[in-house]
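Asks: Right, I'll just put the structure down here and ask away after.
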Amino acid sequence: MNSREYQALALVFLGVSSVTTQLLTIREFLSQFHGNEITVSLSIFTWLLLTGLGSLIAKPMRRASPGLLSLLLLLAALMPLTQIASIRFLRGIAFVHGLSPGFYPVFLFIIATTAPYCLLSGFIIPLVQIVSRSTGSLLESGTVYSLDSAGDIAGGLLFSFIIVYLLTPFKAVAATSTPLIVLAVKGLTRPGRVKFLILFMIPILGFYLFSLWPKLETETLMGQYGEVLSYGESPYGRIIVTREGDQKSIWGSGVPLYSDREVVNSEEKIHYALSQLDRVESVLLVSGGLGETLEEVFKYKPASVDYVELDPFVTGLGTDHGLIRKGSSANIINTDGRRHLKETEHRYDAVIFDLPEPDSFQLNRFYTSECMALVKKSLRGKGIFAMSVDYSPNYISRLERQKLSILVSTMKTHFDNVLILPGEKAYLLARDGELHEDIPSRISIKGISSSYVSAFFYGNVTGERIQAVNQAIDSVAPINRDFSPGLMRIVFADWFARYGSSPYIFLFVVLGLVTVYLIFLRREEYLLFSTGFVIMGAEMLVVFSFQVIYGYLYVQIGAIVTAFLAGLLPGALLGKSSWGRLASHKKLFISEAILMALLVLFLVWIGVYRIDLPPAVFLAYCVVFSGVCGFQFPVVAYLIGEDKGPLAGCLAADLWGAALGTLATGTVLIPLWGMEISAIVLITLKISSIILKALK
Amino acid sequence: MEMTRIEFLRTVGLGISALIMPGQALAFPGLADPEKDIRGTVFRNDAPARPWKWSTEGAYYSTSGKLVQCGICPNRCLLKPGDRSVCRSRVNVDGRLYSLAYGNACSVHTDPVEKKPLFHFLPGSLIFSIASTGCNLRCLNCQNWEISQKKPDEVDHIELFPPDIVAEARKRKIPSIAYTYAEPVTFYEYTRDTSLIAREEGLLNVLVSNGYINEGPLRELCAVLDGANINLKSFSDRTYRTLNGGTLDPVLNTLRILAREGVWFEITTLVVPAYVDSPEMIKEMCGWIVRELGPDRPLHLLRFFPRYRLTRLPATPVETLEKLRETAMKEGVNHVYIGNVAGHPGANTYCPGCRKLLVERKGYLKGEFHINKGRCGFCGRQIPGRWVV
Ligand code: SF4
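Each protein sequence line maps, in turn, to chains A and B.
Position 502, counted from 1, in the first sequence is what this note's numbering calls 502; the numbers after and before it change by one each time, with no gaps.
Count along the second sequence starting at 1, add 1000, and that's the number in this note's numbering.
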């Protein structure tokens, strides 16, 4: 293997390993902290930001030895394991056990735990080019970008379609680091270096021992979970069953979903809804079928019960551990609830949602007018629809009032009557028929027994409290829609209020830093910066729209995300062809125009037509979009001139643009202004880069 | 000291991190301290320019020039002009301490008295319950954080001055008033003045509190209190600091004073998994209760559910509550109740003498009731509590 081949492989293998590590790390953060859209965006933002910084550090370097490269490759191969293990260990040290920390502590924790790896992996990419220059076979910036993209695509494909189904995080790291380890060892194995090699073998052996020792991975989870009975990494998150004495609990991504004998929630969600009906023939439960829930449903003797749960691991492990009663005649359907509502021909008497708060785009889809239209379609005659949100029984805060008002407005667009029952959560009932407040008397007429509702309702859900919450509703509150998720903004604000913090300090600091950065940025780099921003923004818009139409199914979403990577390589290869300066300028303009056109196309689709497009159209759109983005990188690098060492600056611009695009689109633009305005902002950004380019 | 497996793994993990990635290990040096203390701090320059309509001059404060120090609770906030207290509802305006929570109730409800929980106090009756904002602690699992961790101007309120509260309770024909939900110690003047009028009008006063109060103000309040439920959050000072942002001793002192002053009170302990579920701790706590307060002090052991910021813990196993109840009873506490578990027989009252069922509780519905004039209807043993108005 000659040095050029070695360097090329280094870039590809590093791409594979770093993408896998990024995805594993983000999943780890979601299992450790609150997995709302903010923390997801924050993790990606930090990752891209630090990687970009790592690249920039290499900018002043002119020479580097192949030995240094091999050594750093080895370090980059070993670090993912310690990074994930450290996140688990340090969480218990940095935060009180059982705590969900707020925005700023989470942000600091993410920076502290990912900085070493991100800086290193970002640094290595331009380092490869520097080494290639030192060894006399310069890899051009476009080539480096293409090779890195190839690694990223391979890593994305490997993770999304194989690793996520087969391997736990430690084993995934072992698998994807191995090519890098082999390469690094090969680079370090030179005559006379055998002594050193033995030194390197110790951490390598430690790495494999730690990552492949079967029990160790589960042991690292015990600090957070206690006694782990079953552990599974599903495509949707980490599902764990634990035992606390006689009690079993099931956890989804670090949050306890159910512990034995949690009757209050089971009884409230079922009886408040089903007691409204004279006859219950058919019930649809969207999530939340664990524990006593199904038993409570069957007290009404329905002919059929469909229980839809997205994650098969939840129902599988739940059944294995008796958290879903064996022999229950409920029909368990593992699919996206909204997709089921869209596709089912069945008509139900009751549709009951038991979902977490709408703090992500995926969840918000269940709280929108469009979703309620599907519920209405699936209901028989005067059937009932019920859902619940978090609520503080003793005081209705301003944010809670807004949240409930939006939901009531949204429900009222499809149902004649809406009633809120203020239990442990706020239960919202909607129906075209009559709605009753006196639940204990309704269930007693039906001869149904209950341990909580009959005994506690009159003391906890008093007429006075029911009146207070229903009267607090603002009748002119906006409607929550798929493409204009106003409810998410309220839920985000509530999350910040819980920690007495505000996102504004963070946003002002980021804006300040961006302004300073933009002042020092080359115009060509700004083009890449805006493209990085736009590609991540567009990816979020497309993924979100796709979920709205087709539901959240992992394979399909994985395909969309991969399609957004897939175009980068062919695009970059095309961009690498040498056309001369004048033609390059022209082609860059054309590429900008295509990006604008693609964004306008998207805007027209969501703003005007909004017809359901086949998945292939989405995929094609994503590949073309990323292709154009990939195309720009080598052209820009060429225009700056290889003699000026453009790679580090271009990489940083691309990554930082992407970082900002993720954060701005996911946490500010869509929740505040909706999809259309977000698309317009992305278009404006592209216009700005075209104007800047034209001015030159 | 013996190291648990998790502690061992933590140490090894930290060591490995420190060796391979020093940056990671050093990221949170201060936080590696096991004695995490989340006590609140004073809000500097956060007070309004002048008191508002719902203000009154604070009780129990001392001055030194323009500096004031509140003496209501063990936090003893030292406030410069313009500062706001730890509990957020008291401010220094121009060298005087004002409470901003006077006559502005943010929660007003009618509850069953058992909800407080009080099981030996007018069973089956209703209690008029009010709160203003503020709390001197920072419990990570607070149920009422929207009012306890807010400033008075951040919440919507109803104007209800002390005479209005008493009038409203009388209008509703409710025999007692509870100062509850947030922390009544922090709206001390409001609680005290309302209680005084209520006492004159023949209503009973109940304090539902964390018991984090100094002796002077507590003794004054005792003169008008008829009942109380004090939340003894744990029997470990370390846990108090970590989960609640307070300390244990002042709460124990409150319990002693209430007992000495003859106020009927019951104790509540939320059994938080991994923090307040050790049998040894409950044993020690109950030993103290029996020694200092006597065996007849009812103790409510409540099941924990994830709340507020403490959302990554499971619910307390019912079996744990049952075992702890047994432990407490073995230590000599006569009335130990299990709460937050619907339909559990541990919510009933049994005679400590003949073991017969005296009060059957089906939630808030009363079942069998065999207490006559404060005595067991079977063996005649005195059952402590306030059974009639
Ligand atoms: S009552 Fe409030 S102001 Fe007074 S010492 Fe306690 S926390 Fe400080």
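Positions of the beta carbon are idealized from the N, C-alpha and C atoms, including for glycine.
On a predicted model such as this, the values are computed, not experimentally measured, just so you know.
For the ligand SF4, any of its heavy atoms closer than 7 Å to the Cβ of A:Thr344?
Replies: Checking the Cβ of A:Thr344 against the ligand SF4 gives no.
Asks: Please state if the CB of B:Gly1082 and the CB of B:Asp1047 are separated by a distance shorter than 8 Å.
Replies: Before going on, a small fix: residue 1047 of chain B reads as Ala here, not Asp. Their beta carbons are under 8 Å apart, which means B:Ala1047 touches B:Gly1082 by this criterion.
Asks: Do A:Ala350 and A:Ser409 come within 8 Å of each other at the CB atom, strictly closer than that value?
Replies: Result no, Cβ atoms of A:Ser409 and A:Ala350 do not sit closer than 8 Å.
Asks: Ordered along the chain, which non-local residues of its own chain (more than five positions away) have a Cβ less than 6 Å from that of B:His1109?
Replies: The residues are Ser1129.
Asks: Between B:Leu1225 and B:Val1263, is the Cβ-Cβ spacing less than 8 Å?
Replies: Closer than 8 Å, so yes.
Asks: In terms of alpha-carbon separation, which member of A:Thr413, A:Asp359, A:Asn460 and A:Ser70 lies closest to A:Val131?
Replies: The residue with the shortest Cα to Cα distance from A:Val131 is A:Ser70.
Asks: So with CB distances below 9 Å, who are the chain A contacts of B:Ala1328?
Replies: The premise fails here: B:Ala1328 is roughly 17 Å from chain A at the closest Cβ pair, so nothing lies under 9 Å.
Asks: May I ask you to check if the CB of B:Ile1072 is nearer than 7 Å to at least one heavy atom of the ligand SF4?
Replies: Yes, Cβ of B:Ile1072 sits closer than 7 Å to a heavy atom of the ligand SF4.
Asks: Start and end of the beta strand (DSSP E) containing A:Gly237?
Replies: Element bounds for A:Gly237: Gly237 to Glu244.
Asks: Could you tell me the alpha carbon to alpha carbon distance between B:Cys1376 and B:Tyr1060, rounded to whole angstroms?
Replies: Approximately 43 Å, taken between the alpha carbons.
Asks: Kindly list the residues whose CB is nearer than 8 Å to the CB of B:Asp1033, restricted to its own chain and excluding five residues on each side of it in sequence; keep chain order.
Replies: Annotation note: pLDDT 47 at B:Asp1033 (below 50); position unreliable, coordinate value reported separately. Excluding residues within five positions, none has a Cβ falling inside 8 Å.
Asks: Any C-beta of chain A within less than 9 Å: which residues of the stretch 1143-1154 of chain B qualify?
Replies: So the close ones are Gln1143, Asn1144, Trp1145, Glu1146, Ile1147, Gln1149, Lys1150 and Glu1154.
Asks: Kindly indicate if chain A contains any beta-carbon less than 8 Å away from that of B:Gly1013.
Replies: With a pLDDT of 45 at B:Gly1013, under the threshold of 50, the modelled position of this residue cannot be trusted, and the question is left open.
Asks: For the ligand SF4, is there any heavy atom lying closer than 7 Å to the beta carbon of B:Arg1219?
Replies: No, Cβ of B:Arg1219 sits at least 7 Å from all heavy atoms of the ligand SF4.
Asks: Hey, does B:Gly1343 have any beta-carbon neighbour from chain A nearer than 8 Å?
Replies: Yes, B:Gly1343 lies at the interface with chain A (some Cβ there is under 8 Å from its Cβ).
Asks: Heavy atom of the ligand SF4 less than 7 Å from the Cβ of A:Ser397, yes or no?
Replies: A:Ser397: no, Cβ never under 7 Å from the ligand SF4.
Asks: Beta carbons nearer than 7 Å to chain A: which residues of the stretch 1077-1101 of chain B have them?
Replies: Per Cβ criterion, the list is empty.
Asks: Could you confirm whether any beta carbon from chain A is found closer than 8 Å to the beta carbon of B:Lys1366?
Replies: It does not; no Cβ of chain A falls within 8 Å.
Asks: Name, please, each residue of chain B whose Cβ falls closer than 7 Å to the Cβ of A:Gly245.
Replies: Those within 7 Å of A:Gly245 in chain B are Pro1317, Glu1319 and Thr1320.
Asks: Taking 8 Å as the threshold (beta carbon to beta carbon), is B:Ser1310 in contact with chain A?
Replies: Ser is not the amino acid found at residue 1310 of chain B; the sequence shown has Leu there. It does; some Cβ of chain A falls within 8 Å.
Asks: Comparing C-alpha positions only, which one of A:Leu11, A:Leu24 and A:Ser134 sits nearest to A:Phe62?
Replies: The displayed chain sequence assigns Arg, not Phe, to residue 62 of chain A. The shortest Cα separation from A:Arg62 among A:Leu11, A:Leu24 and A:Ser134 belongs to A:Ser134.
Asks: Below 8 Å on the Cβ atoms is my contact criterion, and I expect A:Gly15 with A:Asp152 to pass it. Report the Cβ-Cβ distance as a whole number of Å.
Replies: Rounded, the Cβ-Cβ distance is 5 Å, consistent with contact.
Asks: Measure the beta-carbon distance from B:Pro1184 to B:Ser1125 and round it to whole angstroms, keeping in mind my assumption that it falls under 8 Å.
Replies: So it is not a contact: roughly 20 Å between Cβ atoms.
Asks: Would B:Thr1268 and A:Val96 qualify as a contact pair, given that the criterion is a beta-carbon distance under 8 Å?
Replies: No, the Cβ-Cβ distance between B:Thr1268 and A:Val96 is not below 8 Å.
Asks: Three-state secondary structure (DSSP) at A:Glu676?
Replies: Three-state result, A:Glu676: helix.
Asks: Relative to the C-alpha of A:Asn460, which candidate in B:Arg1096, B:Pro1051, B:Ser1055 and B:Lys1115 has its C-alpha closest?
Replies: Cα-wise, what sits closest to A:Asn460 is B:Lys1115.
Asks: Helix, strand or coil for A:Asp612, going by three-state DSSP, please let me know.
Replies: If DSSP states are grouped into helix, strand and coil, A:Asp612 belongs with coil.
Asks: Distance, Cα to Cα, B:Ala1027 vs A:Pro116?
Replies: Unreliable placement is indicated for B:Ala1027, whose pLDDT of 38 sits below 50; the coordinate value is still reported in the next sentence. When rounded, the distance between both Cα atoms is 11 Å.
Asks: Just verifying my parser: in three-state terms, what is the DSSP assignment at B:Asp1083?
Replies: In this structure, B:Asp1083 counts as coil in the three-state DSSP scheme.
Asks: With DSSP run on the structure shown, which of helix, strand or coil describes A:Tyr145?
Replies: Looking at A:Tyr145 - three-state DSSP - the assignment turns out to be helix.
Asks: The ligand SF4 and B:Arg1090: does any heavy atom of the ligand fall closer than 7 Å to the residue's C-beta?
Replies: Flag set: Cβ of B:Arg1090 near the ligand SF4.
Asks: Give a single yes or no on whether B:Cys1087 has its beta carbon closer than 7 Å to a heavy atom of the ligand SF4.
Replies: It does: the Cβ of B:Cys1087 is within 7 Å (strictly closer) of some heavy atom of the ligand SF4.
Asks: Using the beta-carbon of each residue, which ones in chain A are nearer than 7 Å to B:Pro1306?
Replies: By Cβ distance, chain A contributes Pro256.
Asks: Under three-state DSSP, which class holds B:Thr1110?
Replies: B:Thr1110 falls in the strand class under three-state DSSP.
Asks: For B:Gly970, which residues of its own chain have a beta-carbon under 8 Å away from its beta-carbon, when the five flanking residues on both sides are left out?
Replies: Here chain B covers residues 1001 to 1389 and nothing more, so residue 970 of chain B does not appear.
Asks: For my contact list, A:Ile57 and A:Phe123 are in at a C-beta cut-off of 8 Å; report their separation, rounded to the angstrom.
Replies: Confirmed, Cβ separation roughly 5 Å.
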